[in-house]
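So the structure is just underneath, and the comments pick up after that.
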Amino acid sequence: MRWANWKLWSVILLVLILIVASWIYLNRRAAVYERIIQQDGYTLSLVDEGIAAEFFLKPEWIPEREGEEKRLNLVIEEKFGTKIILEKVAKRKKDFYIQLNAVSYPNRSSGQLLSTSLLLDGSIASANGGWQVTDKAENNLLEDGFGGGEGPGNVSILAINDADRKKFANGANIRYTGYYLYNYQKLPGDYAAFWSASLVTAFIIVMLVVFYRNRSEPENGLAWKLVGYSLLGGFTFSLNDIRLPSIGCTSENRSPITLLSIRQR
139 MRWANWKLWS
149 VILLVLILIV
159 ASWIYLNRRA
169 AVYERIIQQD
179 GYTLSLVDEG
189 IAAEFFLKPE
199 WIPEREGEEK
209 RLNLVIEEKF
219 GTKIILEKVA
229 KRKKDFYIQL
239 NAVSYPNRSS
249 GQLLSTSLLL
259 DGSIASANGG
269 WQVTDKAENN
279 LLEDGFGGGE
289 GPGNVSILAI
299 NDADRKKFAN
309 GANIRYTGYY
319 LYNYQKLPGD
329 YAAFWSASLV
339 TAFIIVMLVV
349 FYRNRSEPEN
359 GLAWKLVGYS
369 LLGGFTFSLN
379 DIRLPSIGCT
389 SENRSPITLL
399 SIRQR
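See below:
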């Protein structure tokens, strides 16, 4: 009897661990940020554009050999819940480039963040931001003689021709003005949906254990069959907009364990 009780409590503990793990996984920083950007359970509104970040580029950071990279990972500014990081300066065949990245640390409920993309009506459009490169006397070093680009994510790149390398002998002030500022707010009801789905999942698993313990006839491999049928019942197959099964398979009403297993693929 004690052995059976120990097994029951072990199953209950496992269910609780899975629910907590699912909560942590679904609310990690990258997942929350992705839901905000996709406006999945969040409202998103544009506050301002042309938000700038600037730093001083030291001449020793500029590599000389093709293929060489100076990995810096320096946080040059931190504002609006976002760290703007100077990731690296790298040398290519005919130029060298500077790479920035804006990494947001969103709150689960509400806040602000920066993005290099214009997010309107559920669509994402990248807009090349402006670069300004000046010396210590604020003279323009490059005018229009440089290249720029965005992506993936919030990466921004400034490419400079080797012919202009000598202009950076004493360093340069770099300013990027391509960030959009957004407010975000979590829609109500998400926490209640998660915990209701968690309780339903826990109840089903506990009932399966109870039925298993009180079965009237022995059956080989019954425990594995119950686990397999439970996983199979929560599985959905999707191709474009077609879902099989088509009933009860939205992200709002899947169990947290099902969400965890599908999103990890």
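Quick note: the working numbering has the sequence shown finishing at residue 403, numbered continuously throughout.
The beta-carbon is built from N, C-alpha and C at its ideal position, and this holds for glycine as well.
Note that the structure is a prediction, hence the values are computed from the model and not measured.
Beta carbon of glutamine 250 nearer than 8 Å to that of leucine 184 | Contact: no.
Based on Cα-Cα distance, which residue from Thr315, Leu257 and Asn292 lies nearest to isoleucine 175?
-> Leu257
Which residues in the same chain as lysine 305 place their Cβ atom closer than 7 Å to its Cβ, once the five residues preceding and following it in sequence are excluded?
-> Leu279.
Using 10 angstroms around the beta-carbon of isoleucine 298, count the other beta-carbons present and answer buried if the total reaches 16, otherwise exposed.
-> Label assigned to isoleucine 298: buried.
What three-state label does DSSP hand lysine 304 in the structure shown?
-> In the structure shown, lysine 304 sits in a helix (DSSP, three-state: H, G or I).
What is the DSSP secondary structure of glutamate 172, reduced to helix, strand or coil?
-> helix
With DSSP collapsed to three states, give me the class of leucine 238.
-> For leucine 238, the secondary structure class from DSSP, reduced to helix, strand or coil, is strand.
Does DSSP classify glutamate 204 as helix, strand or coil?
-> coil
Serine 247, buried or exposed, once every other Cβ within 10 Å from all chains shown has been counted against 16 | exposed
For arginine 167, which of helix, strand or coil comes out of DSSP?
-> helix
Does the beta-carbon distance from alanine 228 to phenylalanine 234 come in below 8 Å?
-> yes
Can you check whether the CB of glutamine 270 is closer than 8 Å to the CB of arginine 303?
-> It is not a contact, given that the beta carbons lie outside the stated cut-off.
Using a Cβ-Cβ cut-off of 8 Å, state whether methionine 345 counts as contacting chain C.
-> This model lacks chain C altogether; it includes just one protein chain.
Top-ranked residue by Cα proximity to glutamate 187, from Pro326, Asn292 and Tyr317 = Tyr317
Same chain, Cβ closer than 8 Å to tyrosine 404, neighbours up to 5 away in sequence not counted | This structure does not reach residue 404, given that the chain is present from 139 up to 403, and the question cannot be answered.
For glutamate 198, which of helix, strand or coil comes out of DSSP?
-> helix
In whole angstroms, what is the alpha-carbon distance linking threonine 181 and glycine 285?
-> Straight-line measurement puts the Cα of glycine 285 at about 34 Å from the Cα of threonine 181.
Check alanine 190 in the structure and name its three-state DSSP category.
-> Here alanine 190 sits in strand by DSSP.
Just confirm the distance between the C-beta atoms of asparagine 308 and proline 197, as a whole number of angstroms; I'd bet it's less than 8 Å.
-> 7 Å
Given that a residue counts as buried once 16 or more other Cβ atoms are within 10 Å of its Cβ, and exposed if not, what is lysine 324?
-> Flag for lysine 324 reads buried.
Helix or strand or just coil, what does DSSP make of serine 248?
-> Strand.
Consult DSSP for leucine 151 and reduce its assignment to one of helix, strand or coil.
-> helix
Under a Cβ-count criterion, where at least 16 other Cβ atoms within 10 Å of its own Cβ denotes burial, should isoleucine 223 be classed as buried or exposed?
-> buried
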